[in-house]
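Under the working numbering, think of the first position of the sequence shown as 11, with each following residue one higher.
Every residue, glycine too, gets a C-beta built ideally from N, C-alpha and C.
It should be emphasised that the depicted structure is a prediction, and the values quoted were computed from it without experimental measurement.
Reading through the structure tokens given below for one structure.
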Amino acid sequence: MLLRRLQLRNHRNYAHLDLSMEPGVNVFMGANGQGKTNLLEAVAMLALSTSPRARREVELVGPVAPASRIEAVVESSGRRMELTIALNVEGDRAHRTIEVDGARRRAVDLPGHFRVTLFWPDDLGLIKAGPDQRRRFLNQLLVQVEPGYARALSGLRRILEQRNSLLKRIASGEEAQAVLDVWDAELVRTGSEVAAARAKAVRELAPAAARCHSEIGAGEHLEIEYLGPPSDMAAAVHNSLAEDLRRGATSIGPHRDDVRVLLDGRDARSFGSQGQQRTAVVSLKLAEAELVTTRTGERPVLLLDDVLSELDLERRGALLRRVATDGQVVITSVDAGPFPADLIAEAAVWNVEAGTVKPCG
């Protein structure tokens with residue numbers, strides 16, 4: 011999997027960018043706030059269809075015009091494709107248009123054409139934050155490798171919205187309880203599909219994550235465990251009705267799932283140091299890249315945003331040796347200090363300043 015060319019128009023702080031990317035290691039250096047993370051965000055959107063970072067898409071549109079555009083030429087299995095995501099601001103919202111080779115596509119149909127594994131500092135929340143971020147990790151992986159997952163996930167969100175609305179109306183006497191039957195059945199059907207995909211992914215990730223954790227210099231043993239809905243989801247949904255009506259929200263389903271991360275048998279969230287937690291997150295991301303490779307036959311593009319800054323010298327070197335051996339890697343850094351001289355000598359290196367990118371050397 012390769013990103014051959016990236017063009018940005020009024021995306022974040024990029025008024026205009028036209029960049030030809032190289033296979034192998036690509037290093038983007040520059041001070042904080044110059045646009046390095048914005049660049050990786052744009053690449054990730056081509057794989058996920060939405061920003062993994064912005065809460066509202068209107069945030070992605072720069073100051074030049076009420077519209078932005080991301081265009082790319084990518085290569086998969088020797089075939090080149092043109093991907094486009096355009097945003098047009100209407101009021102306080104942005105309307106999104108997606109194209110693959112010039113043909114309109116829905117957002118749920120874009121993932122799978124181009125695949126990435128993304129790490130940035132906020133991913134430390136995979137250990138430290140609540141279960142929502144760990145579910146997001148699984149979702150961003152599975153929409154890229156599991157056929158139909160993006161549609162199932164979109165369907166689950168719609169089902170939960172409808173069911174939660176009905177719960178409130180039933181509790182207030184506006185609807186009869188029987189109207190829930192069809193939505194309960196849909197929740198069980200679609201929820202079981204989403205949960206099964208997540209459980210399978212965690213089983214595949216677990217051995218790879220443990221091995222990667224060992225390889226990048228960590229002495230502790232890393233384990234991950236999927237905490238999904240009850241095996242008999244239909245019975246659990248039925249038995250939770252009184253509580254759901256009281257709360258006005260659905261309490262059973264994969265929207266309540268979690269992934270437990272353990273270091274030497276102890277919860278990494280409570281017992282891991284900052285360095286141990288960061289190494290565990292990097293290990294999960296490397297395992298994600300392995301799973302994508304195994305499932306698709308192609309290594310995803312690795313996007314590593316400031317991944318080196320908080321790792322010690324030994325773990326930094328081990329990680330760089332691990333990721334630089336195969337495929338395309340995009341790494342951002344404030345300076346060249348964290349990189350071995352031989353890696354920088356062989357890498358494509360750019361300087362990022364105020365939304366402009368220029369080759370170094």
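Burial state of Val189, where buried means 16 or more other Cβ atoms lie within 10 Å: Along the sequence shown, read from residue 1 onward, the residue named residue 189 stands at position 179. It is exposed - the Cβ of Val189 has fewer than 16 other Cβ atoms within 10 Å.
Where are the alpha helix (DSSP H) runs, 4 residues long or more, that stay fully inside the stretch 291-355, in chain order? Runs found: 323-333.
Return helix, strand or coil for Ala205, following the three-state DSSP convention. Along the sequence shown, one-based indexing puts residue 205 at 195. Secondary structure at Ala205: helix, using DSSP grouped into helix, strand and coil.
I'd like to know whether the C-beta atoms of Glu81 and Arg19 end up nearer to each other than 9 Å. Your numbering for residue 81 matches position 71 in the sequence shown. Your numbering for residue 19 matches position 9 in the sequence shown. For the 9 Å CB-CB criterion, Glu81 and Arg19 form a contact.
I'd like to confirm the pairing. Which residues does DSSP put opposite Asn361 in its beta bridges? In the sequence shown, counting from the first residue as 1, residue 361 sits at position 351. Beta-bridge partners assigned by DSSP to Asn361: Met39, Lys368.
Straight-line gap, Thr127 to Val311 (C-alpha atoms, nearest Å): The residue given as residue 127 occupies position 117 in the sequence shown. The residue given as residue 311 occupies position 301 in the sequence shown. Annotation: Thr127 to Val311 spans about 6 Å, alpha carbon to alpha carbon.
May I ask you to verify whether the stretch 189-205 touches the stretch 278-290, counting CB pairs closer than 8 Å and requiring at least 3? When C-beta atoms of the stretch 189-205 are compared with those of the stretch 278-290, fewer than three pairs fall below 8 Å, so the two segments do not count as touching.
Please determine, among His105, Leu13, Ser87, the residue with the shortest C-alpha to C-alpha distance to Ile95. What you label residue 95 is simply residue 85 of the sequence shown in a count that begins at 1. Of His105, Leu13, Ser87, the residue nearest in Cα terms is His105.
Would Leu177 and Gly263 qualify as a contact pair, given that the criterion is a beta-carbon distance under 9 Å? In the sequence shown, residue 177 corresponds to position 167, counting from 1. In the sequence shown, residue 263 corresponds to position 253, counting from 1. Not closer than 9 Å, so no.
Continuous beta strand (DSSP E) assignments of at least 3 residues falling wholly in the stretch 207-293: 232-237, 268-273, all fully within the stretch 207-293.
Tell me which residue opens and which closes the alpha helix (DSSP H) that Met55 is part of. Here the question's residue 55 lines up with position 45 in the sequence shown. Per DSSP, the unbroken alpha helix (DSSP H) holding Met55 starts and ends at 46-58.
Within 10 angstroms of its Cβ, does Gly165 collect 16 or more other Cβ (buried), or is it exposed? Position 155 of the sequence shown, counted from the first residue, corresponds to residue 165. Classification for Gly165: buried.
State the start and end residues of the unbroken beta strand (DSSP E) segment that holds Gln187. Walking along the sequence shown from the start, residue 187 turns up at place 177. Per DSSP, Gln187 belongs to no beta strand (DSSP E) and is neither H nor E.
Leaving out the 5 sequence neighbours to the left and right, which residues in its chain are closer than 6 Å to Pro62 when beta-carbon positions are compared? Numbered from 1 along the sequence shown, position 52 holds the residue referred to as residue 62. Once the five neighbours on either side are set aside, the close Cβ partners of Pro62 are Ala54.
In terms of alpha-carbon separation, which member of Pro73, Met243, Asp268, Gly112 lies closest to Asn149? What you label residue 149 is simply residue 139 of the sequence shown in a count that begins at 1. Of Pro73, Met243, Asp268, Gly112, the residue nearest in Cα terms is Asp268.
Is the beta carbon of Val84 closer than 9 Å to that of Phe124? Here residue 124 is taken as the residue at index 114 of the sequence shown, counted from 1. Here residue 84 is taken as the residue at index 74 of the sequence shown, counted from 1. Taking the C-beta atoms as reference points, Val84 is found nearer than 9 Å to Phe124.
Would you kindly report the start and end of the unbroken alpha helix (DSSP H) that includes Leu136? Within the sequence shown, residue 136 is the residue found at index 126, counting from 1. The continuous alpha helix (DSSP H) containing Leu136 extends over residues 135-138.
Which residue marks the beginning of the beta strand (DSSP E) containing Asp28, and which one marks its end? One-based indexing of the sequence shown puts residue 28 at position 18. It spans 24-30 - the beta strand (DSSP E) in which Asp28 sits, taken as one unbroken run.
Helix or strand or just coil, what does DSSP make of Leu195? Here residue 195 is taken as the residue at index 185 of the sequence shown, counted from 1. Per the sequence shown, the amino acid found at residue 195 is Ala instead of Leu. DSSP places Ala195 in the helix class (H, G or I) of the three-state scheme.
Val155, enclosing alpha helix (DSSP H) - first and last residue: Working through the sequence shown from its first residue, we reach residue 155 at position 145. Here the alpha helix (DSSP H) through Val155 covers 141-155.
Residue range of the beta strand (DSSP E) that includes His105: Here residue 105 refers to the residue found at position 95 when the sequence shown is read from its first residue. Its beta strand (DSSP E) spans residues 103-110.
Opening and closing residue of the beta strand (DSSP E) in which His21 lies: Working through the sequence shown from its first residue, we reach residue 21 at position 11. Per DSSP, the continuous beta strand (DSSP E) segment holding His21 begins and ends at 12-21.
Which residues in the same chain have their Cβ closer than 7 Å to the Cβ of Glu32, if we skip the five residues on either side of it in sequence? Here residue 32 corresponds to residue number 22 of the sequence shown, with the count starting at 1. The residues are Ala358.
CA-CA distance, Ser250 and Val192? For the purposes of this step, residue 250 is taken as residue 240 along the sequence shown, with counting starting at 1. For the purposes of this step, residue 192 is taken as residue 182 along the sequence shown, with counting starting at 1. In a straight line, the C-alpha of Ser250 is about 16 Å away from that of Val192.
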